[in-house]
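Numbering (the UniProt record's numbering), first residue to last: 1 to 897.
Report on one structure; see the data block that follows.
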């Protein structure tokens, strides 16, 4: 007979009632019972009352009888329209006392969140018991998971109690564990001996429950042992420890809710099994061990762990206790950002304070040492320095102070990376102010490592210190050093003495020289790049160039790590800018040329993540973003581009004025600048310049037309030059260079139209001294750029026209191509033999080159045969590269990520 057929029959039995109770369990079953009972009453009158008796539990008989009677009364009242109108009046003012009584019946008790959780646990336990009776192991497994989730939440919200931790586990939970384990084992044994097997879903749920119960029984082994010894005593102790407050007064459904009680400040628990943490000086080591055991586990509350450790630091009394707690607290704060981009700034500030406290503690107590490798010791026992045979044995504690310092520094960088520097607020500036105490902490840690004779940690600390000051102005470095001297009173350092009167450049030199003597090649390479950057930033071009040449980093940088390559790119860009500021225009073009030919300047300088033809995966994009430099470390790419394009204008425009078109194509080295000029030539109309690039292109066109004054005004009106130091001197240098290159361009363009030109006329036209004009023309004649001669008596330059026959022109072209083929073969042979390109004198002897280490031009070794014989370098005739041979190498060695 079906379930609904049983409900409709008049002759029901107690057995039918039992089966129906097994089908519907818990709150869902009770709700359905009431609904079905009301439907049966409407259909069969009194028979419905009998049927409803089989759907209710014994504890609800009296309540349901009253509900049935009220249902009958309401059914009678529904036939009267007067009664319906009366019920509608209860929302009006001045309702009768009967309406008030109905409103009072609508009141209910609103439980606190804690009571609700316990009610849910009891309901789940009740459902488990019914499911076990009905052999429904799938439902039992689901409800058991609810019980375990409850007990996990319950452990995190325990209130203070003077009784042992066992008293915090509800006895109902322990009771269901014990009884359910017995039922599961009994069912499994019966299943093995039964001929008919259980359904697969039930069997899977049963076996899963067995494994879960076995694991949980082991987890709550101590509490279960106490409960099994005397369940009644345990229950009494639990009731005494968790005495419920007085029942809350009845309130309306639409009114207030009750909040959970807050945990006591001097009592906390963590972990599973209700372990109690003794937050006193006597329980520091035990609590630390329990925290270490929980670290790294799933569902560990890191914020709660930090609070506990902070409380332990407050109650710690001895030096050893404080050191142990700080060594645990600082990593806990740094690990808090595991799922975040960076830790909050407040947490980072607290971590800085605590690590500074740890360093100060070790400086004040030299008998305590923190080392990565130590002998085994009992971490539950207090340790103090012991005197043996008149010698004090130091207390060594396991830990890595330099790793904590580097992690703190890295988190500072992350904080700046994820703070918008362009917002109206001052968040970035506020975070940047924390760099001074961080730098002071690094200097103090360096003194500590030096005293402990740990060379590796000392070098790493000095390296961190150098990273913070190498790119900063001198006034900020002096400010940092004053803070270090003030905070390190009484401390001495033989490596880098604390001296506030020392110059900023002297500090950079001392820090870098110390790293040069370390055993780590990576640190040495980075220190050299920092030193080069600082030299170039202060305009010491020759010192920076010589240091780069002596390091030979340009030959091996492509094999370095990405971070070192980024530093190399930054140093090269700063070196090119230094050359521009001093008026070394060809050198500036050579140094900056390779970077701006890639169109990936910001990416190679770690100032943005750019995607051109490649799509980055989310993981790769995250790695690239972590390499980005903070905003205050960025180089101004617009300023670098202005310096590069201006250098290209001064070098390339005179070459473009050459009458030999084939020579012109070969001698132009900057394809980027040539492409911009071609775009400008295609435009029918060019409006006023709008940006830096437009100013330079219009100035180039004016210089080609001989309007050097217009070109000068356009170049000097660029606003970006104001970012340079000594901008007035730099503008004077640029104006003079534009005058000189204007003269060279004029001679290249119009020499074929003159038989001779007066030197005084040229000097007047270009506002140059006659001696300067004579020097420029003499150099052009000497380098075969101009076929002319000087008449010093008459003060004129006489031009010589050399007309070549077709055979002579073809012969010269063939000779040039042969020379190029010979050079390519030699380069291929050098690569095969592992020899360096363009640096030996054998190359000079074989090719007849006139440069030292290759041709003197920007390409370093490539040449062409002219009327006087020999080879000269492409693009400059001694002007396109470093005189020492850096020219052909520097441009091709800019590292790519």
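Note that CB positions come from ideal geometry on N, CA and C, so glycine has one too.
**Request:** Please say whether residue 332 and residue 305 have beta carbons closer to each other than 8 Å?
**Result:** What you label residue 305 is simply residue 305 of the chain shown in a count that begins at 1. What you label residue 332 is simply residue 332 of the chain shown in a count that begins at 1. In this structure, residue 332 lies closer than 8 Å to residue 305 by Cβ.
**Prompt:** Quick one, are the C-beta atoms of residue 285 and residue 380 less than 8 Å apart?
**Reply:** Here residue 285 is taken as the residue at index 285 of the chain shown, counted from 1. Here residue 380 is taken as the residue at index 380 of the chain shown, counted from 1. Yes. Within cutoff.
**Request:** Would you mind working out which of 491, 460, 690 and 351 sits nearest residue 412, comparing C-alpha positions?
**Result:** Taking the chain shown and counting its residues from 1, the one referred to as residue 412 is at position 412. If we check each option's Cα against that of residue 412, 351 comes out closest.
**Message:** Let me confirm a value: residue 70 is counted as buried when at least 16 other C-beta atoms fall within 10 Å, else exposed. Which label applies?
**Reply:** The residue labelled residue 70 in the question sits at position 70 within the chain shown. Residue placement at residue 70 cannot be trusted, given a pLDDT of 45 that sits under 50; what the coordinates show is reported in the next sentence. Under this definition residue 70 is an exposed residue.
**Request:** Kindly indicate the opening and closing residues of the beta strand (DSSP E) around residue 392.
**Result:** Numbered from its first residue, the chain shown carries residue 392 at position 392. Counting along the chain, the beta strand (DSSP E) containing residue 392 begins and ends at 391 to 393.
**Prompt:** What first and last residue would you give for the beta strand (DSSP E) that runs through residue 387?
**Reply:** Stepping through the chain shown from its first residue, residue 387 is reached at position 387. Note, residue 387: beta strand (DSSP E), 386 to 388.
**Ranges of the alpha helix (DSSP H) found wholly within the segment 445 to 493, counting only runs of at least 4** = 455 to 469 and 474 to 487
**Item:** 8 Å contact criterion, which residue 716 and residue 689 should meet: CB distance rounded
**Value:** Working through the chain shown from its first residue, we reach residue 716 at position 716. Working through the chain shown from its first residue, we reach residue 689 at position 689. The Cβ separation is near 13 Å, so there is no contact.
**Message:** Using a Cβ-Cβ cutoff of less than 6 Å, which residues in the same chain neighbour residue 213 once the five nearest sequence positions on both sides are dropped?
**Reply:** The residue given as residue 213 occupies position 213 in the chain shown. Answer for residue 213: 181, listed in chain order.
**Asked** Closest by CA to residue 475, which one among 451, 436 and 463?
**Response** As a first step, residue 475 must be located in the chain shown, where it is residue number 475. Nearest C-alpha to residue 475: 436.
**Message:** My output table needs one value for residue 307: the three-state DSSP class, helix, strand or coil.
**Reply:** Residue numbering aside, residue 307 sits at position 307 when the chain shown is read from its first letter. Reduced to three states, the DSSP call for residue 307 is helix.
**Request:** Find out if the Cβ-Cβ distance for the pair residue 469, residue 529 is shorter than 8 Å.
**Result:** Along the chain shown, read from residue 1 onward, the residue named residue 469 stands at position 469. Along the chain shown, read from residue 1 onward, the residue named residue 529 stands at position 529. No, these two residues do not count as a Cβ contact at 8 Å.
**Request:** Check whether the Cβ atoms of residue 742 and residue 766 lie closer than 8 Å to each other.
**Result:** Here the question's residue 742 lines up with position 742 in the chain shown. Here the question's residue 766 lines up with position 766 in the chain shown. Yes, Cβ-Cβ distance for residue 742 and residue 766 is below 8 Å.
**Message:** Rounding to the nearest angstrom, what Cα-Cα distance links residue 602 and residue 451 in this structure?
**Reply:** Within the chain shown, numbered from 1, the residue matching residue 602 stands at position 602. Within the chain shown, numbered from 1, the residue matching residue 451 stands at position 451. One C-alpha to the other measures close to 42 Å.
**Prompt:** residue 596 lies in the alpha helix (DSSP H); which residues open and close that run?
**Reply:** Within the chain shown, numbered from 1, the residue matching residue 596 stands at position 596. First-last of the alpha helix (DSSP H) with residue 596: 585 to 597.
**Asked** How about residue 630 and residue 405: do their beta carbons lie closer than 8 Å?
**Response** Residue mapping note: residue 630 aligns to position 630 of the chain shown, counting from 1. Residue mapping note: residue 405 aligns to position 405 of the chain shown, counting from 1. Contact flag unset, no.
**Prompt:** Quick one, are the C-beta atoms of residue 751 and residue 788 less than 8 Å apart?
**Reply:** The residue given as residue 751 occupies position 751 in the chain shown. The residue given as residue 788 occupies position 788 in the chain shown. Contact: yes.
**Item:** Reference residue 650; option with closest CA among 711, 294 and 420
**Value:** Here residue 650 corresponds to residue number 650 of the chain shown, with the count starting at 1. It is 711.
**Cutoff 6 Å; reference residue 574; Cβ partners in own chain excluding five residues on either side** = Counted from its first residue, the chain shown places residue 574 at position 574. The answer, listed in chain order, is 533, 536 and 537.
**Asked** Are there 16 or more other CB atoms within 10 angstroms of the CB of residue 814, so buried, or fewer, so exposed?
**Response** As a first step, residue 814 must be located in the chain shown, where it is residue number 814. Burial call: exposed.
**Request:** Leaving out five residues on either side along the sequence, give the residues of the same chain with a beta carbon under 8 Å from the beta carbon of residue 930.
**Result:** A query on residue 930 cannot be resolved here, the shown segment of the chain reaching from 1 to 897 and no further.
**Asked** What three-state label does DSSP hand residue 756 in the structure shown?
**Response** Position 756 of the chain shown, counted from the first residue, corresponds to residue 756. Here residue 756 sits in strand by DSSP.
**Asked** In terms of DSSP beta bridges, what is residue 799 paired with?
**Response** If you number the chain shown from 1, residue 799 lands on position 799. Per DSSP, 788.
**Request:** Quick one: give me the first and last residue of the beta strand (DSSP E) that residue 370 is part of.
**Result:** In the chain shown, counting from the first residue as 1, residue 370 sits at position 370. Note, residue 370: beta strand (DSSP E), 368 to 371.
**Asked** Does DSSP classify residue 770 as helix, strand or coil?
**Response** Mapped onto the chain shown, residue 770 falls at position 770. Helix, per DSSP.
**Request:** Flag this pair as yes or no: are the beta carbons of residue 465 and residue 428 separated by less than 8 Å?
**Result:** Start at 1 with the first residue of the chain shown, and residue 465 comes out as number 465. Start at 1 with the first residue of the chain shown, and residue 428 comes out as number 428. Not a contact, by the Cβ cut-off of 8 Å.
**Prompt:** Can you tell me the Cα-Cα spacing of residue 523 and residue 559, whole angstroms?
**Reply:** Start at 1 with the first residue of the chain shown, and residue 523 comes out as number 523. Start at 1 with the first residue of the chain shown, and residue 559 comes out as number 559. Whole-angstrom Cα-Cα distance: 15 Å.
**Item:** Three-state secondary structure assigned by DSSP to residue 353
**Value:** Taking the chain shown and counting its residues from 1, the one referred to as residue 353 is at position 353. Note: residue 353 maps to helix in three-state DSSP.
**Asked** Counting pairs of beta carbons, one from the segment 119 to 130 and one from the segment 142 to 149, are three or more of them closer than 8 Å?
**Response** yes
**Asked** Any idea what DSSP makes of residue 396, helix, strand or coil?
**Response** Counted from its first residue, the chain shown places residue 396 at position 396. DSSP places residue 396 in strand when its eight states are reduced to three.
**Item:** Supposed close pair residue 320, residue 383 - CB separation, criterion 8 Å
**Value:** Here residue 320 corresponds to residue number 320 of the chain shown, with the count starting at 1. Here residue 383 corresponds to residue number 383 of the chain shown, with the count starting at 1. Confirmed, about 5 Å.
**Prompt:** Is it true that the segment 806 to 825 meets the segment 768 to 780, where meeting means three or more beta-carbon pairs spaced less than 8 Å apart?
**Reply:** no
**Prompt:** For residue 289, does the three-state DSSP call read helix, strand or coil?
**Reply:** Residue 289 sits at position 289 when you count from the first residue of the chain shown. Correct three-state label for residue 289: helix.
**Request:** Give a yes or no on whether the C-beta atoms belonging to residue 210 and residue 188 are separated by under 8 Å.
**Result:** For this step, residue 210 is matched to residue 210 along the chain shown. For this step, residue 188 is matched to residue 188 along the chain shown. Contact: yes.
**Selection from 401, 491 and 486 that minimises the alpha carbon distance to residue 456** = Along the chain shown, one-based indexing puts residue 456 at 456. Taking only the C-alpha atoms, the option nearest residue 456 is 401.
**Message:** Within a Cβ cutoff of 6 Å, which residues of the same chain sit near residue 487, ignoring the five residues on either side of it in sequence?
**Reply:** For the purposes of this step, residue 487 is identified with residue 487 of the chain shown, where counting begins at 1. Excluding residues within five positions, the ones whose Cβ falls inside 6 Å are 440.
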